[in-house]
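Just add 117 to the spot in the sequence shown (first one is 1) and you have our numbering. For every residue, glycine included, the Cβ atom is placed at its ideal position computed from N, Cα and C. These numbers come from a predicted model, not from an experiment. Notes follow the structure.
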Amino acid sequence: MEFANVEFVVNSSSDSPIFKTHETIHGEVLFTPHQETNIEDISITFKGMTRVEVENMNTHIALPFNQLERRFLSMELPISDYFEDISTLKSGRNYRLPFKFIIPEELPIHACHHQCGNSQIQREHLQLPASLSYRATKSHEIHDMSPEMVEVVYSISFSLWQQNSKTGRSKIQETTHPVKILPTRNEHAPILIPGKNKYYKLGAEKSLSTGLLRHARGKFTACSTQPPAIQLQSLQPTNTGASTSLKIDLRFDPAHLGQLPPSALAAEFQLRAMTFFGMEAWQNYPDLTDISTWGSRRDFWSDYVALTPIDEIKLEWKSQDEGDRTIFTTSIEHCVSLPTHRRYPPTFHSCLVSRVYALKTTLFYRVHGKALGRSSISVSVPVEICAT
118 MEFANVEFVV
128 NSSSDSPIFK
138 THETIHGEVL
148 FTPHQETNIE
158 DISITFKGMT
168 RVEVENMNTH
178 IALPFNQLER
188 RFLSMELPIS
198 DYFEDISTLK
208 SGRNYRLPFK
218 FIIPEELPIH
228 ACHHQCGNSQ
238 IQREHLQLPA
248 SLSYRATKSH
258 EIHDMSPEMV
268 EVVYSISFSL
278 WQQNSKTGRS
288 KIQETTHPVK
298 ILPTRNEHAP
308 ILIPGKNKYY
318 KLGAEKSLST
328 GLLRHARGKF
338 TACSTQPPAI
348 QLQSLQPTNT
358 GASTSLKIDL
368 RFDPAHLGQL
378 PPSALAAEFQ
388 LRAMTFFGME
398 AWQNYPDLTD
408 ISTWGSRRDF
418 WSDYVALTPI
428 DEIKLEWKSQ
438 DEGDRTIFTT
448 SIEHCVSLPT
458 HRRYPPTFHS
468 CLVSRVYALK
478 TTLFYRVHGK
488 ALGRSSISVS
498 VPVEICAT
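This is how it looks when you write it as structure tokens:
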């Protein structure tokens with residue numbers, strides 16, 4: 118069967134455009150039919166689709182991954198509005214079919230029809246998820262730290278249909294043009310973290326000692342809270358200038374009178390991107406505190422990018438009396454910026470896929486009285502990435 122010639126022209130100043138909420142995607146489909154084609158047999162649609170693969174864990178035999186594809190958005194263009202006086206397109210003739218789609222703020226209510234733990238979850242699921250595509254990096258696009266098993270993709274689709282008296286209307290050709298979507302997301306209230314998991318650790322504590330006999334020197338504590346959201350101000354993949362301010366409070370409880378607090382040497386930072394996905398819809402926010410409750414049809418992926426470190430730190434400790442003892446307190450405040458060699462889809466929670474982020478800080482220090490060596494203490498806090 119000979120297929121029609123179809124080309125897409127998307128009007129944009131960029132070779133790889135990214136569209137935000139309420140923006141308009143407009144352009145033309147260049148169409149040359151190889152046979153006489155009825156206008157009613159043509160459709161141009163803006164689609165959003167989620168693809169998820171989960172390893173089959175129900176058997177010890179290696180089996181193909183379970184795969185699910187689900188369309189969550191479909192906006193069809195009324196072609197007949199552009200051809201009021203024409204009902205048939207002639208074979209071999211070139212046609213320019215204009216299209217215009219406005220990126221919606223929300224999905225239609227039927228896009229999330231499963232049971233949700235509360236109304237907030239359903240509102241999250243009805244927001245547009247950001248584009249995620251590991252496969253796109255194979256065409257030299259910037260990596261968005263998503264796994265190969267998950268895709269959230271948007272596209273403009275041109276389809277040709279055929280009427281059949283026995284089977285009804287059937288699709289005979291479909292050509293798609295991928296589109297990247299960066300949904301607007303406002304900053305939400307800080308996330309409450311129940312229980313413990315290895316990705317969020319708002320506080321950490323170390324017992325300090327020196328010498329072969331491990332003489333106790335005191336207790337060193339670090340804690341932090343969720344910082345302001347990282348705001349993506351630019352539509353460019355690098356998002357130059359996107360940053361947030363992180364504060365870490367430090368406390369030293371000396372084991373005996375006269376013991377001085379440790380000295381800080383340096384600090385390293387990393388942004389960890391976590392992608393949760395499953396063959397079944399999430400009824401609540403994904404929870405890492407008890408993965409055993411997920412079942413065999415859900416999984417998650419974690420990747421990280423290193424941020425600019427602090428090579429030298431000078432702490433100004435303040436002493437204060439607590440009862441019959443003296444403690445020392447101080448804090449570190451640092452502006453962390455996103456590096457330009459990664460793409461950062463905004464935080465989102467959809468029915469099948471969620472993307473969240475964590476900021477990890479590792480502080481290197483030396484116990485007072487030690488000439489060499491260094492120790493470390495780490496905290497990891499949730500952080501939102503938002504697009505305005």
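Chain-order list of residues whose beta-carbon lies under 6 Å from that of residue i (same chain, five-residue window excluded)
{"i": "E222", "result": "T138"}
{"i": "V496", "result": "K318, A321, A339, S341, T478"}
{"i": "E241", "result": "H466"}
{"i": "P354", "result": "Legend: pLDDT at P354 = 47, less than 50; position of this residue unreliable, no value from coordinates given."}
{"i": "E172", "result": "F182"}
{"i": "Y421", "result": "Q387, R389"}
{"i": "I310", "result": "Y317"}
For residue j and residue i, believed in contact at Cβ under 8 Å, the rounded distance
{"i": "I298", "j": "F218", "result": "So it is not a contact: roughly 11 Å between Cβ atoms."}
{"i": "V270", "j": "P295", "result": "6 Å"}
{"i": "L377", "j": "R491", "result": "Between R491 and L377 the Cβ distance is about 16 Å, and since that is not below 8 Å, they are no contact."}
{"i": "D261", "j": "P462", "result": "6 Å"}
{"i": "P344", "j": "V498", "result": "7 Å"}
{"i": "E268", "j": "L249", "result": "6 Å"}
{"i": "T464", "j": "T301", "result": "No, T464 and T301 are not in contact; Cβ-Cβ is about 12 Å, not under 8 Å."}
{"i": "V193", "j": "S160", "result": "Inspection of the sequence shows that residue 193 is occupied by Glu rather than by Val. Sure, about 6 Å apart at Cβ, within 8 Å."}
{"i": "E145", "j": "F216", "result": "7 Å"}
{"i": "E450", "j": "S362", "result": "6 Å"}
{"i": "T392", "j": "S263", "result": "6 Å"}
Three-state class that DSSP yields for residue i in the structure shown
{"i": "S160", "result": "strand"}
{"i": "Y421", "result": "strand"}
{"i": "P354", "result": "Low local confidence applies: a pLDDT of 47 at P354 is under 50, so the model's placement there is unreliable, with the coordinate-based value given in what follows. Coil."}
{"i": "Y518", "result": "Limits of the chain in this structure are 118 at one end and 505 at the other, which puts residue 518 out of reach."}
{"i": "R188", "result": "strand"}
{"i": "S208", "result": "coil"}
{"i": "E241", "result": "helix"}
{"i": "R491", "result": "coil"}
{"i": "D198", "result": "helix"}
{"i": "I203", "result": "coil"}
{"i": "R252", "result": "helix"}
{"i": "I308", "result": "coil"}
Proximal residues to residue i (C-beta, below 8 Å), its chain only, five neighbours per side dropped
{"i": "S360", "result": "I347, C452, V453, S454, L455"}
{"i": "E69", "result": "Here the chain comprises residues numbered 118 to 505, so residue 69 is not present and cannot be evaluated."}
{"i": "K289", "result": "According to the sequence displayed, residue 289 carries Ile and not Lys. Result list for I289: M118, L277, W278, Q279, in chain order."}
{"i": "N281", "result": "S287"}
Beta-ladder partner(s) of residue i, from DSSP
{"i": "F218", "result": "I142"}
{"i": "R331", "result": "None; R331 has no bridge partner."}
{"i": "Y271", "result": "G165, V296"}
{"i": "I226", "result": "DSSP output for I226 lists no bridge partner at all."}
{"i": "F445", "result": "F369, S436"}
{"i": "E172", "result": "E172 is not bridged to any residue."}
{"i": "K318", "result": "S497"}
{"i": "C452", "result": "S362"}
{"i": "G395", "result": "R415"}
Contact set for residue i: own chain, Cβ-Cβ below 7 Å, skip 5 residues either direction
{"i": "S506", "result": "Because the chain in this structure spans residues 118 to 505, residue 506 falls outside the shown range and cannot be described."}
{"i": "Q152", "result": "S208"}
{"i": "L469", "result": "T167, V169, R187, F394, G395, A398"}
* Asked: Taking one C-beta from the region 465 to 484 and one from the region 386 to 394 each time, how about it: are there three or more such pairs within less than 8 Å?
  -> yes
* **the region 438 to 453 in contact with the region 369 to 383 per 3-pair CB rule at 8 Å** => yes
* Looking at C-beta atoms only, is the number of pairs between the region 420 to 438 and the region 396 to 410 that lie closer than 8 Å three or more? -> no
* To do: Could you tell me whether the region 187 to 205 touches the region 147 to 156, where touching means 3 or more Cβ pairs closer than 8 Å?
  => yes
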